[in-house]
Each structure stands twice: as C-alpha cells, then as structure tokens.
Amino acid sequence: MRASVWFVAFGLALATAVAAQQAAFENDHYAVVVSRAGGGLIESLQAKGTGEPLVRHMRIYTDYGIYPDRAYVGTSEKSAATFDARRQGEALITTAQGQLLGKPAEGRKPIAYRVQMRFDNSPRIHVKAAVQPAMTKEQVRGFMALCWAIPSLTRWRLRTIEGLLRHTYHPGEGAQGRAYSRQWPLDPVRPLIAASTTQGVELRLENLRWSGTPSFTGPVIHGQTLFLCWLDGTPRDLQAGTWATLEFDLRVAAPARSRD
Numbered sequence: 000m001r002a003s004v005w006f007v008a009f010g011l012a013l014a015t016a017v018a019a020q021q022a023a024f025e026n027d028h029y030a031v032v033v034s035r036a037g038g039g040l041i042e043s044l045q046a047k048g049t050g051e052p053l054v055r056h057m058r059i060y061t062d063y064g065i066y067p068d069r070a071y072v073g074t075s076e077k078s079a080a081t082f083d084a085r086r087q088g089e090a091l092i093t094t095a096q097g098q099l100l101g102k103p104a105e106g107r108k109p110i111a112y113r114v115q116m117r118f119d120n121s122p123r124i125h126v127k128a129a130v131q132p133a134m135t136k137e138q139v140r141g142f143m144a145l146c147w148a149i150p151s152l153t154r155w156r157l158r159t160i161e162g163l164l165r166h167t168y169h170p171g172e173g174a175q176g177r178a179y180s181r182q183w184p185l186d187p188v189r190p191l192i193a194a195s196t197t198q199g200v201e202l203r204l205e206n207l208r209w210s211g212t213p214s215f216t217g218p219v220i221h222g223q224t225l226f227l228c229w230l231d232g233t234p235r236d237l238q239a240g241t242w243a244t245l246e247f248d249l250r251v252a253a254p255a256r257s258r259d
C-alpha cells in the first residue's frame, strides 16, 4: 500500500499545505492525525492491523513549579503560532512552533516550543520536540513533560540499567500513583519503552536522544499515560533562551515482530 496523505486548510483538501489546520497520514502500519488545534502534535494514532488506538492527545505542558500558580500551561487549540505540513516524496513532515499557554503564564515570561514529525512508509514516526523557557531559575521543583495517553495499553516493558522491567496495567491503578518513575534509569546506550495492546501490537519508543537545559530526566508512567520529563519534581535549573530537546522514533510493531 502506498502512503496516503490528506491536508486540510480552512476546510479544503489540498495537495500541498502551508499553514494547514490538520494533516492525516496512513500507511500499512498505522493511521495518524496531526492538527493545529492539538498544538501541532499527534491527535490520534491507530494501529492499522487491529484498529487499536495507540496515541491520544500528545501534548507538552507544565502544571507546577515554573509559574507561581498551579494549573495547566501547555499546548492547546491556540498555542501553535505556525503549523505547516508538507510532502517530501512519499513522506509527510509536520512542523509547529508556538508558546505554552495557560492562565498562570499570562503576563509572565513564556515558554516557547517547537515540534517536527516525519511520517513515511515505514512503521516508524520520527519525533523531535523542544522547549525554550524565557526565564532563568535555579533548582526548580516542578513538572514539565511531553506526554500522551495509550488507550489500548495492557503491558509496559522498559530497558533499564538493571535489564528489562515489565509491568502489567490494571484498570484504575492510576489512582494509586505512578507505576514507574526514577527508580530504575533507562539503559543509556539502548533505551527502550514499549507498550503492548490487548491484540499484541507494540508501540515502541526507540533511539531516544536528548540535549539542552533542562535535560531529559526520564520517563514517568501513570495509568495509561507516558510522560517524557524535562522536570519531574526533583530540583533542576532553567536557563533562559536555551532549547531543551527530545528526539526519538515511535515504532508500531505488529504482534509477530514485537519482541527484542
């Protein structure tokens, strides 16, 4: 199957889109929708073979520690100042730039963000996301992350410095707190985070790299949501004008090809 791409700008389907409102991409492995209303991040990702939802409402946000008031400041319907979608051969590349929005940030120094994603005929989606605070603060005890829900999640696997760590998800466990935080850091050479579905599809986060300040601290798993954290409650410095970047591949692995 050749990859199929749809662009929507102000309600019209376009062959090429600049300042698009929404882009959809489909291949043999997955179907994905990226939208400006979602901050230029993935609104939905669905496994092609089983139809299971693998990603819902990817977002970047902080909710405490950086601003005086504790509330959501993040990607939203109006956060993307620009959202572009373009074809590059058989691939679709989406790019968004803007500021994290929320009441605590009103009238205060902002946090800029940018995200670029590449979709092609392979089962991989390349994601590069970055944040840039306009303020300098030392030893911030706060939270800031790129995150998304995995609605069809049944099991987690992580490759840590102690080896493979496995966890089975139980409905309602999010009320009891985090299933995984900083206890066992990821393998620094071959980090892996993999989420399995009921029908055996695996969403694998591979080739994870990071740079800048504050640097990536590690993942947090809470219920069916994965957080890739720049701040996770431990004291970290913010440096004005410095981009902190996360880059990785999301791979949709069919049941027969899911294991290491």
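Read left to right, the sequence shown gives residues 0 to 259 (numbering that gives the first Met the number 0).
Cβ coordinates follow ideal geometry from the N, Cα and C atoms, glycine included.
Note that this is a predicted model, so its numbers are computed, not measured.
In this structure, T93 lies near V33, with their beta-carbon atoms less than 8 Å apart. Assignment of E89 by DSSP, reduced to helix, strand and coil, places it in the coil class. In the DSSP assignment, Q115 falls within the beta strand (DSSP E) that extends over 110–118. Under the three-state reduction of DSSP output, P103 falls in the helix class.
A straight-line Cα-Cα distance of about 9 Å links V72 and I110. Within a 10 Å sphere around the beta-carbon of H166 sit fewer than 16 other beta-carbons, which makes this residue exposed.
The distance from the Cβ of L145 to that of L245 is about 6 Å, consistent with a contact at the 8 Å cut-off.
Around Y179, the same chain offers W155, L157, L164, H166, P218, V219, I220 as residues with beta carbons nearer than 8 Å, after the five sequence neighbours per side are excluded.
Annotation: P150 to T212 spans about 31 Å, alpha carbon to alpha carbon. For V54, the closest alpha carbon among the candidates Y29, A36, R69, G48 is that of Y29. The beta-carbon distance between A133 and A239, rounded to whole angstroms, is 6 Å. This is short enough to meet the 8 Å contact definition. With distances taken between CA atoms, D62 lies nearest to V139 out of Q21, V139, T153. Non-local C-beta neighbours of G173 in its own chain, meaning closer than 8 Å and more than five positions away in sequence, comprise H221, G222, Q223, T224, ordered along the chain.
Within 10 angstroms of the beta-carbon of G176 lie fewer than 16 other beta-carbons, which makes it exposed.
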